[in-house]
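Q:
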Amino acid sequence: MKILVAIKQVPDTATQVKVGADGKAIDTAGITWIVSPYDEYAVEEALRIKEKRGQGEVVAVSLGPDRVKEAIRSCLAMGCDRAIHLNDPAWNDADTLTTAKALAAVIKQEAPQLVLCGRQAIDDDMGAVTAQLAELLGWPCAYWIMEETVDADGKSVRAARQAEGGLEVFDLPLPAILAAQKGLNEPRYPTLKGIMGAKKKEIKDVKAGDLGLGAEPPQLAVIGLEALPPRPPGRVIQGDVPAAVKELVRALREDAKAI
Amino acid sequence: MPNAFWCFVEDDRQGMPKKVMAEVLGEAARLAGGQPEAVWITDKASDAGLTQLGEWGAGKVWVLENAAFAPYRSEVWVGAAAELAAKESPRAIFGPVTSRQREFVARLAARLGVGLAADCVGFALEGDRLVATRPIYAGKLLAKVAWAKGPCVATLRPNVFRPADAQPGRTAAVERPAVSIPGATMTFVERREEAATGLPELAEAEIVLSGGRGMKAPENYVILEDMARVIGAAVGASRAAVDAGWRPHRFQIGQTGRTISPKLYMGFGVSGAIQHLAGMRTSKIIVAVNKDPEAPIFKIADYGIVADLFEVVPELTREFKRLLEK
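Taken in order, these protein sequences are the chains called A and B. If you're matching positions, the first sequence starts at 408 in the numbering used here and goes up one per residue. If you're matching positions, the second sequence starts at 40 in the numbering used here and goes up one per residue.
1) Count Cβ pairs between the segment 47-63 of chain B and the segment 81-100 of chain B that sit closer than 8 Å; are there 3 or more?
2) Report yes if the C-beta distance between B/L181 and A/E633 is below 7 Å; otherwise report no.
3) Using a Cβ cut-off of 7 Å, which residues of the segment 219-234 of chain B contact any Cβ in chain A, in chain order?
4) Assuming B/G275 and B/L241 are in contact, meaning their beta carbons sit under 8 Å apart, how far apart are those beta carbons, in whole angstroms?
5) How many Å lie between A/T506 and B/N105 at the Cα?
6) From the DSSP output, read off the bridge partner residues of B/N329.
7) With a Cβ-Cβ cutoff of 7 Å, do B/I292 and B/G318 count as a contact?
8) Excluding sequence positions up to five away, which residues of its chain have a Cβ less than 8 Å from the Cβ of B/T295?
9) Under 7 Å Cβ-Cβ, which residues of chain A neighbour B/E350?
10) For the beta strand (DSSP E) that contains B/H288, what are its first and last residues?
11) Among B/R230, B/I299, B/R69, which has the Cα closest to the Cα of B/I324?
12) For a contact defined as C-beta to C-beta under 7 Å, what are the partners of B/A340 on chain A?
13) Please name the residue in A/L627, A/D662, A/E661 whose C-alpha comes closest to that of B/A148.
14) How would you write the range of the alpha helix (DSSP H) that B/T90 sits in, first residue to last?
15) Kindly indicate which three-state DSSP category B/I246 falls into: helix, strand or coil?
16) So with CB distances below 7 Å, who are the chain A contacts of B/W186?
17) Does A/I414 get closer than 7 Å to chain B when you measure Cβ to Cβ?
18) Using the C-alpha atoms, what's the distance from B/G208 back to B/S128?
19) The segment 302-315 of chain B: which residues have C-beta closer than 8 Å to a C-beta of chain A, in chain order?
20) Assign B/N42 to one of two classes, buried (16 or more other C-beta atoms within 10 Å of its C-beta) or exposed (fewer than that).
21) Please confirm whether A/L591 and A/I552 have their CB atoms less than 7 Å apart.
22) Going by DSSP, name the residue or residues bridged to B/Y304.
23) So what does DSSP say about A/M387, is it helix, strand or coil?
24) Check for me: the beta strand (DSSP E) holding A/A583 runs from which residue to which?
25) Residues in its own chain within less than 6 Å of B/R150 by CB, not counting five upstream and five downstream?
26) Once you ignore the five residues that flank B/D341 on each side, which residues in its own chain have a CB closer than 6 Å to its CB?
27) In the DSSP assignment, the alpha helix (DSSP H) including B/I313 goes from what residue to what residue?
28) Let me see if you follow: with CB-CB separation under 7 Å, is B/R150 close to chain A or not?
29) Let's test the definition: count the other Cβ atoms within 10 Å of the Cβ of B/T81 and tell me whether it reaches 16, buried, or not, exposed.
30) Leaving out five residues on either side along the sequence, give the residues of the same chain with a beta carbon under 6 Å from the beta carbon of B/C159.
31) Listed from N- to C-terminal order along the chain, which residues in the segment 525-540 of chain A have their beta-carbon within a distance smaller than 9 Å of any beta-carbon of chain B?
32) For B/A182, write down the residues that DSSP places opposite it in a beta bridge.
33) Would you please verify whether the beta carbon of B/G275 is less than 7 Å from any beta carbon of chain A?
34) Less than 7 Å between C-beta atoms, sequence neighbours within five positions excluded: which residues of the same chain meet that for B/G271?
35) First and last residue of the beta strand (DSSP E) that includes B/M319?
36) What are the boundary residues of the beta strand (DSSP E) that A/D612 is part of?
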C-alpha cells in the first residue's frame with residue numbers, strides 16, 4: 408500500500424516572529440524551523456500502517472522554498488521512503504487552495520491509496536488543505552482523527568474523528584484522506600541510523616510546470632501583518648490569600664464585569 | 040437574495056442552533072447593514088430552532104433538511120451547499136469554528152474556487168472590499184486578508200463577536216429549496232459519547248478555568264470542577280497536564296489543543312508557555328494564580344495572585360458562592 412503524507416515546515420513555536428520589510432510576510436532571519444507538530448502525527452501513523460502491513464511505501468510531500476529540505480529530511484529520518492519537494496517561486500504566495508491544487512496534482516501522479524495530513528499547520532492555522540484536497544480529488548475525508556485502522560485487504564479505513572461531545576467512527580473506502588489530531592499516536596524520534604539513511608533517500612524536486620500548473624494569483628491574499636495590540640497592564644493583587652481572593656472577586660464583579 | 044451574507048448553522052444535532060450562531064448572525068448583520076440569511080443543513084430543523092434564528096436576526100432561513108445530512112459528512116454537505124450557492128450568489132459565507140465547519144467550509148471554498156479565511160477575529164469593510172483579521176504564528180501576529188473574488192468564505196472564532204440581541208417576535212422567512220443530495224461513500228459506524236461533565240463545552244464557554252502542571256495530580260481537578268459548577272464555567276488544561284495523562288486531550292487549551300476566547304479565563308498553576316498562550320490570549324479578562332511570581336502568564340494577566348492554588352481555589356469557590364447567592 409502506498410501512503411502519501413503532506414507536511415509543512417513552520418517556525419518553532421518558541422521562535423520570535425517579526426513582521427518583514429514588505430509588511431505582508433514575516434522576517435525569516437534567525438528563525439528556527441520545524442515540521443508542524445500535527446504533521447508528525449500524520450507521518451508516524453503512515454509509518455505504523457506500513458509496518459503493520461509489512462509492506463508498502465510512505466512518500467512525504469512538502470511545498471516551499473529550499474529551506475523545506477530540512478523538514479523533509481526529518482521525515483525521511485523518521486522512516487519515510489522517499490520525498491517530493493514542490494519547490495517553485497510560482498508558489499511563493501500560495502494560499503490553501505493553490506497549495507491543495509499542487510498537492511492534488513502530485514497525488515494524481517503518485518496514486519496513493521491513502522493520504523494523511525496534519526490537522527492544521529501551526530503557522531497560519533488555516534486547517535483547510537486536507538478538506539480542499541479531498542474536494543479536488545473527489546475523495547472521502549475525515550478530520551481530527553484520533554484513531555484509524557486500515558482493513559486487511561487494503562480496501563477501506565475505519566477512522567474515529569473528534570467531534571463536539573464524542574468520537575464519530577466511519578468506514579471510508581480507499582483512496583481516502585485523513586487529518587491527524589493530537590492523541591492519534593506518539594511520534595517517534597529519528598534514530599541515528601535513520602538520520603544517516605535519510606541522506607541517501609530520494610528527494611525529487613518538482614516545479615509547477617512539471618505538474619501542468621502555471622502561476623495563478625491566490626484567492627486569499629495577505630494584505631498586511633501587524634503585531635498584537637498590547638494588553639493593558641495587569642495587576643498583581645497583594646495581601647494574604649483570603650484578602651486577595653475577596654479583592655479579586657470584587658474586581659471581577661465591579662471593575663471587569665466578568666462575573 | 041444575491042449578495043446576501045450567509046451563515047451556516049451549527050446545531051446541537053437535536054434540532055436547535057447553538058448559541059454561537061447569535062455571534063455569527065450578529066457580525067453578518069453588522070457587515071451586511073441589514074438582515075443576514077441562515078443556511079441550515081440538518082436531518083431535523085425544529086420549529087423552535089427556526090424561531091430562534093429569526094429572533095437572532097436572520098431575514099431568511101434556507102432549510103436543507105434530509106436524513107442523509109446526518110451524521111455530518113463533507114462529501115454530502117458540500118454538493119448541496121454549492122448547488123444553492125451557485126443559484127443564489129451570496130456575497131459571503133460564514134460559519135463558526137467547530138470541528139465540522141472547519142472542514143465543511145474549507146471544502147466548500149474549494150468547490151466554489153474561492154478563498155477561505157479560517158478562525159477570524161475581526162472583519163471590516165474597506166470601501167466595497169471585505170477584509171478579515173485572523174491570528175497567526177501562535178497568536179503572535181494578526182494577518183489582514185482579502186479575497187480575490189466572492190463569495191468570501193470564512194469561519195469565525197467563538198466568543199469574539201458581539202452576539203445579536205434576540206428580539207422576540209422577529210421572524211425569518213423559511214425556504215426549503217430543492218437541491219440534489221450527493222451519495223455518500225463514507226458509512227457511519229458508531230458515535231462514542233464522552234462521559235458528560237455537566238459543564239459547558241470548552242470552545243463555547245464564557246468562563247474557562249484551566250489547570251496546569253501546578254495541579255500536581257489528576258484527582259485535584261475536582262476542586263476546579265467544584266468552582267466551575269458554581270460559576271457555570273468549563274474546565275480545561277495545559278499541554279503539560281494533558282501530556283502527563285491527567286486530562287484527556289479534548290480538554291487541552293493551546294496550540295495543539297483548543298483555541299478559546301472566553302469572557303473570563305482563569306489559569307491555576309499554569310505557567311503560560313507560548314503554546315498555551317496561543318490558545319487563550321484573545322480571552323477578554325485573564326486571571327492567573329501561580330506560586331511562581333516569574334511565571335510568564337503574569338505578563339498577560341489582568342489580575343494575578345501569587346500564591347498556592349490549593350489555598351486560593353477553595354477560598355475563591357466560597358467567595359463566588361457567596362457573591363452569586365446574593
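Ideal Cβ positions, reconstructed from N, Cα and C, are used throughout, including at glycine.
A: The answer reads as follows:
1) yes
2) yes
3) T224, M225, T226, F227, V228, E229, R230, R231, E232, E233
4) 5 Å
5) A/T506 and B/N105 have their alpha carbons spaced roughly 34 Å apart.
6) B/V345
7) yes
8) R278, Q314
9) V648
10) From DSSP, B/H288 is part of no beta strand (DSSP E); its letter is neither H nor E.
11) Here the closest residue by C-alpha is B/I299.
12) G641
13) If you compare the alpha carbons of A/L627, A/D662, A/E661 with that of B/A148, the shortest gap goes to A/L627.
14) Note, B/T90: alpha helix (DSSP H), 86-94.
15) In this structure, B/I246 counts as strand in the three-state DSSP scheme.
16) Q626, L627
17) no
18) 29 Å
19) K302, L303, I313, Q314
20) exposed
21) yes
22) B/V247, B/I325
23) The question about residue 387 of chain A has no answer here: the residues shown for chain A are numbered 408 through 666.
24) 583-587
25) V117, A121
26) I324, I325
27) 313-316
28) yes
29) Buried is the label assigned to B/T81, since at least 16 other Cβ atoms lie within 10 Å of its Cβ.
30) A171, R173, A193, L195
31) R526, Q527, I529, D530, D531, D532, M533, G534, A535, V536, T537, A538, Q539, L540
32) A/L632, B/R173
33) no
34) P239, I246
35) Where B/M319 is concerned, there is no enclosing beta strand (DSSP E), given that its DSSP letter is neither H nor E.
36) 610-613
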